[in-house]
Amino acid sequence: MKKRFLTAAATMVLAVTGTVAVTTSAEAATVQVGTPYVLVNRNSGKALDVYDLATGDGAPINQYARNDGAWQQWRFLDSGGGWYRVQSVHSGKVLDLPTTADGVQLVQNTDRGDARQQFRLADSAGGHVRLINRNSGKALEVWEWSTADGARVSQYQDLDGANQQWQLVALTGAARTFTNPIKRNGPDPWLQHHNGYYHLATTTWNSTITMRRATTLAGLATAADQVIFNLAGRPNGCCNMWAPEFHLLDGPNGKRWYFYYTAGQNVSDYNPTQRLHVLESAGTDPMGPYTFKADLGSDWSLDASVLKVGSSLYLMATYGGDGAGQSNFIQRLSNPWTLSGSRSRLSSPTLSWERQTGAVNEGPEPLYHDGKVMVVYSASACWGPDYKLGLLTLTGTDPLNPAHWTKKSTPVFQRNDANGVFAPGHNGFFKSPDGTEDWIVYHANDSAGGGCDMNRSTRAQKFTWNADGTPNFGTPVRLGATLTAPAGE
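Shown next, in the form of C-alpha cells:
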C-alpha cells in the first residue's frame, strides 16, 4: 500500500476522536512571468525534468538530478486570477495532468490554456511552494516519496508533505544577447513567438516553403530550415516563393495557422505570373503539417498580409498596372482563405521618398497599439539603397475607405549609412516571450549596391512608442552589434 506522510506543521491529531485535520497555507507565492525557473523537490533534492529530452505531446515529466539544462527550466505563463501554465523552455509544451486520479503521470502537451494545464502556487515552510492543479485541486508530488532519477511526478491530495514541496530557483544570471543578422540570405522575413519557440520564414525563391525555429533569437542564426510545404507540380504558383506570412486565425475547426505566400510559374520572367496563395495547418503548430487551401485572386500580386479590425478580417496585398505605381490594396475576407467584395486602394507612392529608384508601395503589415490600428509598409524600389518604411493610421472607421487612412508625411525607418545599413524594409512584428516588449523584424543590405535578391539578411530589434501612440523604430542597428535579447528568454 502507498504510504502517505504528513509534516508536523501540517497536521493536528485529535486524541479523543483520532481524526487527522490537515491545514495548508492560504498564501500565494509569486513568480516572475517569463523568467526560467528550476523546480527542485524538497524531499529528493532533484529537479522537475522533461524525461529523455522529449519534445512531443504526452511525454512524461519526472524528476532527475539537477543540471539546469533547458529540459529542467520552466516558465510561468499567466492565466489570470493567480493561475499559471508552466512551460518547458526545452519543448515549448506546458505541464498537463490528463485526469483527476491520484498517481496519474504528469505530462507535457501543447498549450490549450484549459484547467488541466493551470496551477496555483501555495506557500510552504522554508520558502518552498506547492503547485495545485485547477482541474483536480490536487498537489504535484514525487510519487511514493521516491528519490530515484526518473521517478514519476504525479498528483495527490494536498498534504503539504516534503515530496509535494518545490523550491523555485530563478535562473536570472546575465541577460541573454544576440547579434544581427539572425538569418543570412533571409529576405522578406516573418517571425512569431509561439509555445516557447521563435518561428521564422523567409523568401526561398524556389519551390519550397521553409521555416526554422529556436528557443532564443540568437539560436535562429544556426537553426536548420525545415521544408513545411513543397510547391513543385502546382499548376500555378509552383515556383519563386516570396514573402511568406503565417497568422493564427479562427477557422471552421478552431484556430489554425494560415500561411500566405507569393509564387508563380517556372518561367524566366517570373514577375507576370506571381500570385497569392494560402495554406492551412492541421493543428496549432506553426511548423504544420499544412495543406493547400486556396488561390487568392488571378492577377499579378504579392506581399499578402491580414488586418483585423473588430471582428472583420481583411487581406492587404500589393498590385500594379493601374498607372499609379505599384500600390497597396485592401479587400474583405469572409474567412481566412476567401475574398469578398471588391478591393480598395490603401496607399500609392505619392511622396518623393516613396519614389526613389522606383515608384513603389508594397509589403503592408498590420500594427496595433492601445486601440490604434496602423499599417507599416515598404516604399521605393527594393533594388535601390533607399527602400524604407512608411506608416498609415486608420483615422476613420472603415478600412475599405481610402479617406479613412492617414499617411505619415515622413518615413519611419530608413537607411543608416553610419551603421552600414541600406534598404531596410519588408518587415513584421512580434512580441517578446514575456509579452512586455515590441520587436520589429526586417531585411536589409550591408552595402548601397546590395540589390533586391537573396543576399538580403534578416534582422531584429526592439522598438518603443511615441506619445501619440505611433511606433518609434529608431535607426537600424549595425551588423554584429551586441543587443539584449527579448525579455523572457
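Throughout the sequence shown, residue numbering follows mature numbering (1 follows the signal peptide of the UniProt record, and there is no 0), covering -28 to -1, 1 to 461 in sequence. Cβ coordinates follow ideal geometry from the N, Cα and C atoms, glycine included. These numbers were taken from a predicted model, which means no experiment stands behind them.
With distances taken between CB atoms, is the gap from V5 to D410 smaller than 7 angstroms?
No. Outside cutoff.
Y286 versus Q35 - alpha carbon distance
Their Cα atoms are separated by approximately 48 angstroms.
Close-in-space but distant-in-sequence residues of the same chain around V50 (CB under 7 angstroms, 5 per side omitted):
It should be pointed out that residue 50 corresponds to Asp in this sequence rather than to Val. In chain order, V5 and Y56 place their CB closer than 7 angstroms to the CB of D50, counting only its own chain and leaving out the 5 sequence neighbours on each side.
Suppose you measure from the CA of A416 to the CA of Q44; what does that come to, to the nearest Å?
C-alpha separation (whole angstroms): 37 angstroms.
Quick one: Cα of M288 to Cα of L163, how far?
Note on geometry: alpha-carbon atoms of M288 and L163 lie some 18 angstroms from one another.
Please look up how many angstroms separate the CB atoms of A134 and R14, rounded, as I've assumed it's under 8 angstroms.
4 angstroms between Cβ atoms; contact.
Rounded Cβ spacing between Q246 and S273 (contact assumed at less than 8 angstroms)
Confirmed, Cβ separation roughly 7 angstroms.
Ranges of the beta strand (DSSP E) found wholly within the segment 62 to 88, counting only runs of at least 3:
Complete beta strand (DSSP E) runs here, min 3: 66 to 68 and 79 to 81.
With burial defined as no fewer than 16 other Cβ atoms inside 10 Å of the residue's Cβ, what is the status of P207: buried or exposed?
Answer is exposed; the Cβ neighbour count stays below 16.
According to DSSP, simplified to helix, strand and coil, what is Y262?
Here Y262 sits in strand by DSSP.
According to DSSP, simplified to helix, strand and coil, what is N391?
N391: helix per DSSP, three-state reduction.
Measuring only the C-alpha atoms, how far is I104 from D74?
A direct Cα-Cα distance of roughly 13 angstroms separates I104 from D74.
Sub-7 angstroms separation of N107 and A87 beta-carbons:
If you check the CB distance, N107 and A87 come in under 7 angstroms.
For A173, the three-state DSSP class (helix, strand or coil)
Strand, per DSSP.
Just verifying my parser: in three-state terms, what is the DSSP assignment at P224?
Coil at P224, not helix or strand.
Ignore the nearest five residues each way along the sequence and tell me which others in A190's own chain have a CB closer than 6 angstroms to its CB.
Within the same chain, A190 has close Cβ partners F150.
So the candidates are S429, L221, S319 and T7; which of them puts its Cα closest to the Cα of A296?
Out of S429, L221, S319 and T7, S319 has the C-alpha closest to the C-alpha of A296.
Please report the Cβ distance between G392 and D418, rounded to the nearest whole angstrom; I am assuming they are in contact, meaning their Cβ atoms lie under 8 angstroms.
Yes, G392 and D418 are in contact; Cβ-Cβ is about 6 angstroms, under 8 angstroms.
Straight-line Cα distance separating G441 from G422:
Rounded to whole angstroms, the separation of the alpha carbons of G441 and G422 is 34 angstroms.
In the DSSP assignment, find the beta strand (DSSP E) that holds S319 and state where it starts and stops.
For S319, the enclosing beta strand (DSSP E) has its first and last residue at T310 to S319.
For H376, I'd like the list of residues in its chain whose CB is within less than 7 angstroms of its CB, leaving aside the five on either flank, ordered along the chain.
Excluding sequence neighbours, H376 sits near L366, T367, G368, T369 and D370.
Please state whether DSSP places A19 in a helix, a strand or coil.
A19: strand per DSSP, three-state reduction.
Which of helix, strand or coil DSSP assigns to E116
Looking at E116 - three-state DSSP - the assignment turns out to be helix.
Burial state of K265, where buried means 16 or more other Cβ atoms lie within 10 Å
Buried, since its Cβ has 16 or more Cβ neighbours within 10 Å.
Cβ-Cβ separation, W138 to V12 (assumed contact under 8 angstroms), whole Å
About 6 angstroms separates the two Cβ atoms, so the contact holds.
Classification of L311 by the beta-carbon crowding that lies within 10 angstroms, buried from 16 upward:
The residue is buried, with at least 16 neighbouring Cβ atoms inside 10 Å.
If you follow the beta strand (DSSP E) that H100 is in, where does it begin and where does it stop?
Boundaries for H100: no beta strand (DSSP E) harbours it, and the DSSP string shows neither H nor E there.
Report, in whole angstroms, the separation of the C-beta atoms of G64 and G223, which I expect to be a contact under 8 angstroms.
At roughly 22 angstroms, the Cβ-Cβ gap does not stay under 8 angstroms, so G64 and G223 are not in contact.
Under the assumption that P336 contacts Y230 (Cβ atoms under 8 angstroms), give the Cβ distance between them as a whole number of angstroms.
The Cβ separation is near 17 angstroms, so there is no contact.
Cutoff 6 angstroms; reference G460; Cβ partners in own chain excluding five residues on either side:
So the qualifying residues of the chain are G6, S404, P405 and D406.
Kindly provide the ranges of any alpha helix (DSSP H) runs that are 4 or more residues long and lie completely inside the segment 179 to 240, ordered along the chain.
Unbroken alpha helix (DSSP H) stretches of 4 residues or longer found wholly inside the segment 179 to 240: none.
6 angstroms Cβ shell around Q136 - same chain, five flanking residues per side excluded:
The beta carbon of Q136 sits closer than 6 angstroms to the beta carbons of R102, A111 and E113 from its chain, once the five residues preceding and following it are set aside; these are given in chain order.
Check the DSSP bridge columns for R57 and list the partner residues they point to.
According to DSSP, R57 bridges with L49.
Report the three-state DSSP secondary structure of Q90 (helix, strand or coil).
The three-state secondary structure of Q90, taken from DSSP, is coil.
Would you mind stating whether residue 537 and T182 have Cβ atoms separated by less than 7 angstroms?
This structure does not reach residue 537, given that the chain is present from -28 up to 461, and the question cannot be answered.
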